[in-house]
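These notes concern the structure reproduced below.
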Amino acid sequence: MTSFVRHRIATVIGLLALNGMAFAQEPVEEVLFDEAPPAIADNLPPDPATAAAELSESDSVGILQPLPPEEVPVRQPTIREEMRPFNSRRIDLVEALVQEPKQVTFNGKVYDLKNPDRVRVFYENEQYPTIWTQENKLLDNFEPLKRLIADAPQDALPPARYHDALINSLKAGEQYDDIIAAELLLSDAYLSLAGDLANGLVNPRKTQPEWNAEKVSDEALGEMLAQGIVSGDLETAVRTINNGNPRYLALKSQYNALNGAPVAAEPAASTQPLPKVTLKQGMNHEAVAILREKLGAPATDGDSTYFDGALAEAVTAYQQSHGLKADGIVSGKTRNLLNGNKASSGGNASVDRLMINMERLRWMPQDMGESYVLVNIPSYYVKMYRGSEEIYASKAVVGQRDRQTPAFTDKLRHIVMSPTWTVPPTIMKKDKINKLRSNPGAFDGSFEAVVGGRVVRPSAVDWSAPGATGYRLRQKPGARNALGRVKFLFPNKHAIYLHDTPSKSLFGRNDRALSSGCVRLQKPEEFANILLQNTNWSAERIKKAMNQEKEQWVNTPEQTPIYLVYWTTWSDPDGKIQTANDIYGKDGALLQQYKKALN
């Protein structure tokens, strides 16, 4: 693309004196064009001589004549023009933000702006005049904002964050000395609430440093506010921000159902704890009565100390919903969770979990794509969706606690059949180098050493020599390959991908945080078939390619979005709330950041 000449004429505010007459200078729209404005470039003659030759006497006029009414071009009004006439106080707003960028004073009280940069972006955009005030009076268009703020607790957001006490005290039509402060606080409240719903309160990178999903921009939030003013409907856009996300709505509904109420399934730490004894069906024990109280499962025959079949079913359901081994036996992790030992705060653990996982859902894009892959790390599952339909589900093995699978998003682009595996430097250093030094011949069967374009047997390299660091260790395709028979690539700086594994037995374990960071699939062949649907890759061809001696790359027909997320509470397609262990210990850190942001 050729270089752009950016022509921007700044807004002139106030009155200009011209020949003794005052004219209000209207802002001029910003225009982008290539090299020269099209209207000018299209009419430039090749040279001045040509221009003179083409200019006839009839063209030479001294006074510009107005076009006849029928020839005046018609254009649609801009948002700026649909809004009320330009208010000269707007310059005072921008100046106030420059002088006191984070605070304003109203009626002698200092208020912190929650999102001063967002407010500044809104008012520095020359198409927006003041919107809540005119001269020294407050308009009557902020009543819907009061309703939005009053309903904020339904989304686990505190009204105080949005200046509710002040805004509820304001009266339309009243004159205020600090009218500029009122204007800024009202805009700060709206833009903060809309931004919190769209992007979350907490910067996701404070607990998930690799998270890279696109946020709703400050400009887009400002446009939402402007459109609401123009249309006279400030509420709809804000109320519908997350309404298209059934996962969010399910957590929100459960949050509001539980908030402030006791929760039997996850009791507070103050309830009577279960003793360290294994409880299972058929037992009589006084601790069974405590278990019944915790699960809300009263005895059907009057004997509360007997562990019957109905109680075993209640325990199994509890274990399934919390990502535990669903065997109906109360011991170890099940007992700890029932005793509240995993609670993230001194309050209601379920409510806290719902609150922070609603926050995590606000970090997600508003549109995840028509088809997408979802890797929920704590659940140990990989799923694929087409619209709202779940079309694939597979158990997964994820990163160990000291080699965590990062949360981020990308697009799935390639499938590698019968892959080789080049041992990463970190694994080479931690797991392989000492074995190579002690017995390099053990690697000759399935590995090869590569340096430059030369390939040799591992036993041919002196792995203790300084020059050995230049060699890469590569595993050949085959049944023993660490990546199994196929891998799925979404190229990223973390070197994370999905792949098959020869260690199938690991999928029988409940705790599957066992890999070096990449995600292993229990059903990789089925995944490949889904990704290559409607192509010339039949199921038979895929199977054959997965069992050959040479690596083969295949580009996926569509670049499917893939989201690696960290949700410890979520809803399944039926709307049922599910919970998993906080395997990387991230809930507590996020809860702390969330509560800090509430203040």
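According to mature numbering (1 follows the signal peptide of the UniProt record, and there is no 0), the residues represented by the sequence shown are -24 to -1, 1 to 575, in order.
Here a beta-carbon is modelled for each residue, glycine too, at the ideal position from N, C-alpha and C.
Model, not experiment: these values are computed from the prediction.
Go ahead and pull the three-state DSSP assignment for residue i.
i: V427; result: strand
i: N188; result: coil
i: R448; result: strand
i: F283; result: coil
i: V264; result: helix
i: I217; result: coil
i: A12; result: Confidence is the limiting factor: at A12 the pLDDT is only 32, short of 50, which leaves the residue's position unreliable and the question unanswerable from this model.
i: N510; result: coil
i: Q295; result: helix
i: V495; result: strand
i: T310; result: helix
i: A471; result: coil
i: K480; result: helix
i: G278; result: coil
i: K406; result: helix
i: Y356; result: coil
i: P249; result: coil
i: A489; result: strand
i: V327; result: helix
i: L559; result: Note that residue 559 is Ile in the sequence shown, not Leu. Note: I559 maps to coil in three-state DSSP.
i: L459; result: coil
i: P341; result: coil
i: R379; result: coil
i: E335; result: helix
i: L146; result: coil
i: N315; result: coil
i: E159; result: helix
i: A241; result: In this prediction, A241 has a pLDDT of 39, which is less than 50 and means its spatial position is unreliable; what the coordinates show is noted afterwards. Residue state, collapsed to three classes: coil.
i: D172; result: helix
i: F(-2); result: Annotation note: pLDDT 32 at F(-2) (below 50); position unreliable, coordinate value reported separately. Strand.
i: D164; result: helix
i: G443; result: helix
i: residue 578; result: Residue 578 falls outside the range modelled here, since the chain spans only -24 to 575, and no answer is possible.
Could you tell me how far apart the beta carbons of residue i and residue j are, in whole angstroms, since I believe they sit closer than 8 Å?
i: A573; j: L177; result: 4 Å
i: E525; j: P434; result: Not a contact, Cβ separation roughly 19 Å.
i: Q248; j: L330; result: Rounded, the Cβ-Cβ distance is 25 Å, inconsistent with contact.
i: T555; j: P533; result: With 8 Å as the limit, T555 and P533 do not qualify as a contact, their Cβ atoms being about 36 Å apart.
i: D172; j: R94; result: D172 to R94, Cβ: 11 Å. No contact.
i: A202; j: Y104; result: 6 Å
i: K228; j: D153; result: No, K228 and D153 are not in contact; Cβ-Cβ is about 41 Å, not under 8 Å.
i: V426; j: R448; result: 5 Å
Could you please give the first and the last residue of the uninterrupted beta strand (DSSP E) stretch that includes residue i?
i: residue 581; result: Beyond the ends of the chain as shown, which are -24 and 575, falls residue 581; an answer cannot be given.
i: residue 580; result: This structure cannot speak to residue 580, because the chain is shown only from -24 to 575.
i: G375; result: 365 to 375
i: K463; result: 462 to 465
Under DSSP, the alpha helix (DSSP H) around residue i begins and ends at which residues?
i: Q203; result: 194 to 207
i: Q230; result: 222 to 234
i: N410; result: 409 to 414
i: R517; result: 515 to 521
i: A565; result: 563 to 574
Tell me residue i's beta-bridge partners as DSSP assigns them.
i: W546; result: Q554
i: E211; result: Beta-bridge pairing links E211 to no other residue.
i: F419; result: DSSP lists no partner for F419.
i: S347; result: R362
i: Q151; result: K113
i: T398; result: R450
i: L255; result: V306
i: V432; result: A425
key: Every unbroken alpha helix (DSSP H) within the segment 65 to 144, with a cutoff of 4 residues, ordered by chain   = 66 to 75, 92 to 100, 119 to 126
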